[in-house]
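Peer 1: Quick note, the sequences are listed as chains A and B, same order.
Under the numbering used here, the first residue of the first sequence is numbered 1333, with each subsequent residue one higher.
Under the numbering used here, the first residue of the second sequence is numbered 1333, with each subsequent residue one higher.
There are 2 protein chains.
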Amino acid sequence: MKIIVDAMGGDNAPDAIVEGSLKANEAYGVEIALVGKGEQILHVFEALGRHELPAGIEIVNASEVIGIEEDPAHAIRLKKDSSLSVALALLRDGRGDALVSAGSTGALLSGATLIVKRVRGIRRAALAPFIPNTAGGFILIDCGANSECTPEYLLQFAYMGSFYAQDMMQISAPRVGLLNNGVERTKGTPLQLMTYELLEKAALSGALNFVGNVEAKEVMKGACDVLVCDGFTGNIFLKTIEGTASFFMSELKGIFMANAKTKLGALLVRKNLLQLKQRLNPDAIGGTALLGISKPVIKAHGSSNAFAISNAIHQACNVAKSDIAAKLHENISSMKTPEQDAQQVE
Amino acid sequence: MKIIVDAMGGDNAPDAIVEGSLKANEAYGVEIALVGKGEQILHVFEALGRHELPAGIEIVNASEVIGIEEDPAHAIRLKKDSSLSVALALLRDGRGDALVSAGSTGALLSGATLIVKRVRGIRRAALAPFIPNTAGGFILIDCGANSECTPEYLLQFAYMGSFYAQDMMQISAPRVGLLNNGVERTKGTPLQLMTYELLEKAALSGALNFVGNVEAKEVMKGACDVLVCDGFTGNIFLKTIEGTASFFMSELKGIFMANAKTKLGALLVRKNLLQLKQRLNPDAIGGTALLGISKPVIKAHGSSNAFAISNAIHQACNVAKSDIAAKLHENISSMKTPEQDAQQVE
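(1) Measure from the C-beta of residue 1567 of chain B to each C-beta in chain A and report whether the shortest distance is under 8 Å.
(2) Between the Cα of residue 1647 of chain A and the Cα atoms of A/1447, A/1433, A/1540, which residue gives the shortest distance?
(3) Helix, strand or coil for residue 1637 of chain A, going by three-state DSSP, please let me know.
(4) Could you check whether the region 1457–1473 of chain B touches the region 1413–1427 of chain B, counting it as contact only if at least three pairs of C-beta atoms, one from each stretch, sit closer than 8 Å?
(5) With DSSP run on the structure shown, which of helix, strand or coil describes residue 1626 of chain A?
(6) Going by beta-carbon coordinates alone, are residue 1443 of chain A and residue 1408 of chain A separated by less than 8 Å?
(7) Given 8 Å as the limit, is there contact between the region 1529–1546 of chain A and the region 1555–1565 of chain A, that is, 3 or more CB pairs closer than that?
(8) Please list the partners that residue 1576 of chain B has in chain A, where partner means a Cβ-to-Cβ separation under 8 Å.
(9) Residue 1641 of chain A and residue 1415 of chain A: beta carbons closer than 8 Å?
(10) With residue 1408 of chain B as the anchor, note down where its alpha helix (DSSP H) starts and where it stops.
(11) Examine chain A for any beta-carbon lying closer than 8 Å to the beta-carbon of residue 1520 of chain B, and answer yes or no.
(12) In terms of residues, what are the limits of the beta strand (DSSP E) holding residue 1365 of chain A?
(13) So is residue 1611 of chain B buried or exposed if we call it buried at 16+ other beta carbons inside 10 Å?
(14) What's the gap between the Cα of residue 1632 of chain A and the Cα of residue 1450 of chain B?
(15) I'd like the ranges of any alpha helix (DSSP H) spanning at least 4 consecutive residues and lying wholly in the region 1479–1563 of chain A.
(16) Count the other CB atoms, across all protein chains shown, that sit within 10 Å of the CB of residue 1635 of chain A; report buried if there are 16 or more and exposed otherwise.
(17) Which residues in chain A have a C-beta closer than 7 Å to the C-beta of residue 1587 of chain B? List them in chain order.
(18) Rounded to the nearest angstrom, what separates residue 1637 of chain A and residue 1600 of chain B at their Cα positions?
(19) Under 8 Å between beta-carbons, which chain A residues line up against residue 1321 of chain B? List them in chain order, please.
(20) Short of 7 Å Cβ to Cβ, which residues in the region 1414–1447 of chain A face chain B?
(21) Helix, strand or coil: which one does DSSP assign to residue 1466 of chain A?
(22) Can you give the Cα-Cα distance for residue 1396 of chain B and residue 1385 of chain B, rounded to whole angstroms?
(23) So with CB distances below 8 Å, who are the chain A contacts of residue 1627 of chain B?
(24) Examine chain A for any beta-carbon lying closer than 8 Å to the beta-carbon of residue 1479 of chain B, and answer yes or no.
(25) Compile a chain-ordered list of the residues in the region 1532–1553 of chain A whose CB is closer than 9 Å to at least one CB of chain B.
(26) Comparing alpha-carbon positions, which option in A/1476, A/1483, A/1471 lies nearest residue 1441 of chain A?
(27) Can you tell me which of A/1447, A/1531, A/1563 puts its alpha carbon nearest to the alpha carbon of residue 1458 of chain A?
(28) Assuming residue 1568 of chain B and residue 1569 of chain A are in contact, meaning their beta carbons sit under 8 Å apart, how far apart are those beta carbons, in whole angstroms?
(29) According to DSSP, is residue 1451 of chain A part of a helix, a strand, or is it coil?
(30) In this structure, how does DSSP classify residue 1620 of chain B when only helix, strand and coil are distinguished?
(31) Using the Cα positions of residue 1675 of chain B and residue 1653 of chain B, report the straight-line distance between them to the nearest angstrom.
(32) Please name the residue in B/1350, B/1576, B/1566 whose C-alpha comes closest to that of residue 1380 of chain B.
(33) Return helix, strand or coil for residue 1668 of chain A, following the three-state DSSP convention.
(34) Could you tell me whether the Cβ of residue 1559 of chain A comes closer than 8 Å to any Cβ of chain B?
(35) Could you spell out the range, first to last residue, of the alpha helix (DSSP H) harbouring residue 1420 of chain A?
(36) Report the neighbours of residue 1511 of chain A on chain B: residues whose CB is nearer than 7 Å to its CB, in chain order.
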């Protein structure tokens, strides 16, 4: 297994990326192709006390870097020798099994679509993070790749999320829910109403385990394994969880630091609280899969440290093993809107 | 000050509604008109040891009840003698200063619009709850009254929320933010893009303190005093906060109950933790204002207990004092889309 890593993407690049790659190489025995400015990468290895490239790690030189502030599609077209473009070309050419980047999400989306291409028939790639909840966790799809969606996109997201959950969460028939403002089938905007019908039809055919509309509150209690929504709503949903979690952590800190009595209380629950914090730590998961691309692509957080990068590489190995792209390819005929089905029948 | 209360609406009606009304009458000296099945209401007073109607409380008989499962618009048209319909007619006729109902949100929306009417020129009424955050709290508008919105609706929500925050939060120039999936002005769907322009124009004229797009995460840290969005997104946002809060409370309970050591820790922080729980308790706020209606209407939670109803009545008094409808009426000319402005100029 070889993972291609964009060494120059992310707030802490290349230091954290190189260190995280080294960790993953040592921990999981995975081969790594580090793509970026060779001298800078070697310099990081030097600083880590490695005067020679460790076995299983190679450097692929790329002279440019795509900044987080650049227009994604423009940057991908312009900077042919950027670390991201070169890394994506390596993935396309089969010179690695999966790709990890902590750089610009937009550039990764544009680049993966342009260079690696989507699975044939898939309309849009989608970001599918794993989110912890009371029941363990669930897959959210899409969390921000596509602000505007059609019912057909959401149908495809449901399939992609379902295949992903089967492999990554080891669930044979993942419960797919549609994020909505109520559980009744009449709820939502026309997008949700039309998507409901498509998902219901897919459920009747046995292809999906659609459990209906789910409310945001119930998702956190475990109402579904895969939560389907457009990228705008998914982004609001995800960032609201993050914001509320930060709010709670900050309030708890205030409570524990209030006085000598509460400080003692804090000491007594410290270990258990750290376990919760660790469970909610996005770094422990490492990254978010970009599903619908013909080869495995993992987006690591922009603020990733070495620990997060190492976990993202581990996750990339798992996604590469599961071969979701092949499942999508096999099932693409079921992932079309009724209009298209009707045309084929006629 | 007299508040009209729908005695039959809500999961705990009429018991909690009557008891909460009595509490508010005693605590704030507010007069109450309890609307509903007279005998049932008197029976609750009996059970509370009140064999005569307390001074300042009257009963207005209404023979029907609108259930939470009924089609809202249909029920309002059909059940002319429902507690909600009668209560709304009393409000319309000036026989009270504000209305409180814990019944069906949809029926309250339909009924308030049909019977009491919107402020002239206001396109849609919107639900505007107060939500606690690290900085104290903010007003969310709309949280679910309108799943589908136009940029003009959102412009009007911004004004409504701003006037409301001025009066209820005592802020002279409330910071109005547009909920979006990024802070850049190019973010979001066409709805957010077009709304941004309208809000920016309103800010230039000095009418609104528009602080731009805000991300869900930043709102919880205090990025704005008024958060504007369509009702679908607002509903997801609000229920995600509730779900994440429940998740945290449940996890914390697990942590504190883990073993003898953590149980002791729990005892030491108990008081401070209860204060936080109380601050986040929706019952302490009592209800959500339905803004844009020509007279004050407050939606109390369906699960309201007596404490929540008492607080909702107190809140109704404050909204009645602030007279937001008059402010909306005075400023309605600024609350139109550019197309309409242009037509007027020509």
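Ideal Cβ placement from N, Cα and C applies to all residues, glycine included.
Please read all numbers here as calculations on a predicted model, not as lab measurements.
Peer 2: Short version:
(1) In the second sequence, the residue the question calls residue 1567 of chain B occupies position 235. Residue 1567 of chain B has a beta carbon lying within less than 8 Å of a beta carbon in chain A.
(2) Here residue 1647 of chain A corresponds to residue number 315 of the first sequence, with the count starting at 1. Taking only the C-alpha atoms, the option nearest residue 1647 of chain A is A/1433.
(3) Here residue 1637 of chain A corresponds to residue number 305 of the first sequence, with the count starting at 1. When secondary structure is reduced to three states using DSSP, residue 1637 of chain A falls in the coil class, being assigned neither helix nor strand.
(4) With a cut-off of 8 Å, the region 1413–1427 of chain B and the region 1457–1473 of chain B do not count as touching, because too few Cβ pairs lie within range.
(5) In the first sequence, residue 1626 of chain A corresponds to position 294, counting from 1. Residue state, collapsed to three classes: coil.
(6) Walking along the first sequence from the start, residue 1443 of chain A turns up at place 111. Walking along the first sequence from the start, residue 1408 of chain A turns up at place 76. In contact: residue 1443 of chain A and residue 1408 of chain A (Cβ atoms closer than 8 Å).
(7) As far as the Cβ criterion goes, the region 1529–1546 of chain A touches the region 1555–1565 of chain A, which means the pair count is three or higher.
(8) Here residue 1576 of chain B refers to the residue found at position 244 of the second sequence. Chain A residues near residue 1576 of chain B: 1552, 1572, 1573, 1576, 1577, 1580.
(9) Taking the first residue of the first sequence as 1, we reach residue 1641 of chain A at position 309. Taking the first residue of the first sequence as 1, we reach residue 1415 of chain A at position 83. No, they are not a contact pair.
(10) Taking the first residue of the second sequence as position 1, residue 1408 of chain B is located at position 76. Taken as a continuous stretch (DSSP letters only), the alpha helix (DSSP H) holding residue 1408 of chain B covers 1404–1410.
(11) Stepping through the second sequence from its first residue, residue 1520 of chain B is reached at position 188. With 8 Å as the cut-off, residue 1520 of chain B counts as an interface residue toward chain A.
(12) Numbered from 1 along the first sequence, position 33 holds the residue referred to as residue 1365 of chain A. Element bounds for residue 1365 of chain A: 1363–1368.
(13) Taking the first residue of the second sequence as 1, we reach residue 1611 of chain B at position 279. Residue 1611 of chain B comes out exposed.
(14) On the first sequence, residue 1632 of chain A is found 300 positions in, with the first residue counted as 1. On the second sequence, residue 1450 of chain B is found 118 positions in, with the first residue counted as 1. Those two C-alpha atoms are separated by around 49 Å.
(15) 1483–1500, 1522–1536, 1548–1551, all fully within the region 1479–1563 of chain A.
(16) Position 303 of the first sequence, counted from the start, is the residue given in the question as residue 1635 of chain A. It is exposed - the Cβ of residue 1635 of chain A has fewer than 16 other Cβ atoms within 10 Å.
(17) One-based indexing of the second sequence puts residue 1587 of chain B at position 255. Neighbours of residue 1587 of chain B in chain A, taken as residues at a C-beta separation under 7 Å, are given in chain order as 1601, 1604, 1605, 1608.
(18) Numbered from its first residue, the first sequence carries residue 1637 of chain A at position 305. Numbered from its first residue, the second sequence carries residue 1600 of chain B at position 268. One alpha carbon belongs to residue 1637 of chain A, the other to residue 1600 of chain B, and they sit about 35 Å apart.
(19) Absent from the model: residue 1321 of chain B. The displayed extent of chain B is 1333 to 1678, so no value can be given.
(20) Going along the region 1414–1447 of chain A in chain order, one finds no residue with a Cβ nearer than 7 Å to chain B.
(21) Stepping through the first sequence from its first residue, residue 1466 of chain A is reached at position 134. Note: residue 1466 of chain A maps to coil in three-state DSSP.
(22) Taking the second sequence and counting its residues from 1, one reaches residue 1396 of chain B at position 64. Taking the second sequence and counting its residues from 1, one reaches residue 1385 of chain B at position 53. Distance between residue 1396 of chain B and residue 1385 of chain B, taken at the CA atoms: about 22 Å.
(23) Your numbering for residue 1627 of chain B matches position 295 in the second sequence. Those within 8 Å of residue 1627 of chain B in chain A number zero; the least Cβ separation is about 27 Å.
(24) Along the second sequence, one-based indexing puts residue 1479 of chain B at 147. For residue 1479 of chain B, a Cβ of chain A is located within less than 8 Å of the residue's own Cβ.
(25) From the region 1532–1553 of chain A, only 1547, 1548, 1549, 1550, 1551, 1552, 1553 have a Cβ closer than 9 Å to chain B.
(26) The residue labelled residue 1441 of chain A in the question sits at position 109 within the first sequence. It is A/1476 whose Cα lies nearest to the Cα of residue 1441 of chain A.
(27) Locating residue 1458 of chain A in the first sequence gives position 126, counting from the first residue. When only C-alpha atoms are compared, the closest one is A/1563.
(28) One-based indexing of the second sequence puts residue 1568 of chain B at position 236. One-based indexing of the first sequence puts residue 1569 of chain A at position 237. At roughly 6 Å, the Cβ-Cβ gap stays under 8 Å, so residue 1568 of chain B and residue 1569 of chain A are in contact.
(29) Residue 1451 of chain A sits at position 119 when you count from the first residue of the first sequence. Three-state DSSP puts residue 1451 of chain A in coil, outside helix and strand.
(30) Reading the second sequence from its first residue, position 288 is the one you call residue 1620 of chain B. Assigned with DSSP and collapsed to three states, residue 1620 of chain B falls in strand.
(31) Working through the second sequence from its first residue, we reach residue 1675 of chain B at position 343. Working through the second sequence from its first residue, we reach residue 1653 of chain B at position 321. Unreliable placement is indicated for residue 1675 of chain B, whose pLDDT of 47 sits below 50; no coordinate value is reported for it.
(32) Taking the first residue of the second sequence as 1, we reach residue 1380 of chain B at position 48. Closest by alpha carbon: B/1350.
(33) Translated into positions along the first sequence, residue 1668 of chain A becomes position 336. In the displayed model, residue 1668 of chain A falls within coil according to three-state DSSP, outside both helix and strand.
(34) Numbered from 1 along the first sequence, position 227 holds the residue referred to as residue 1559 of chain A. It does not: the Cβ of residue 1559 of chain A has no partner Cβ on chain B nearer than 8 Å.
(35) Numbered from its first residue, the first sequence carries residue 1420 of chain A at position 88. It spans 1415–1424 - the alpha helix (DSSP H) in which residue 1420 of chain A sits, taken as one unbroken run.
(36) Residue mapping note: residue 1511 of chain A aligns to position 179 of the first sequence, counting from 1. Neighbours of residue 1511 of chain A on chain B, chain order: 1568.
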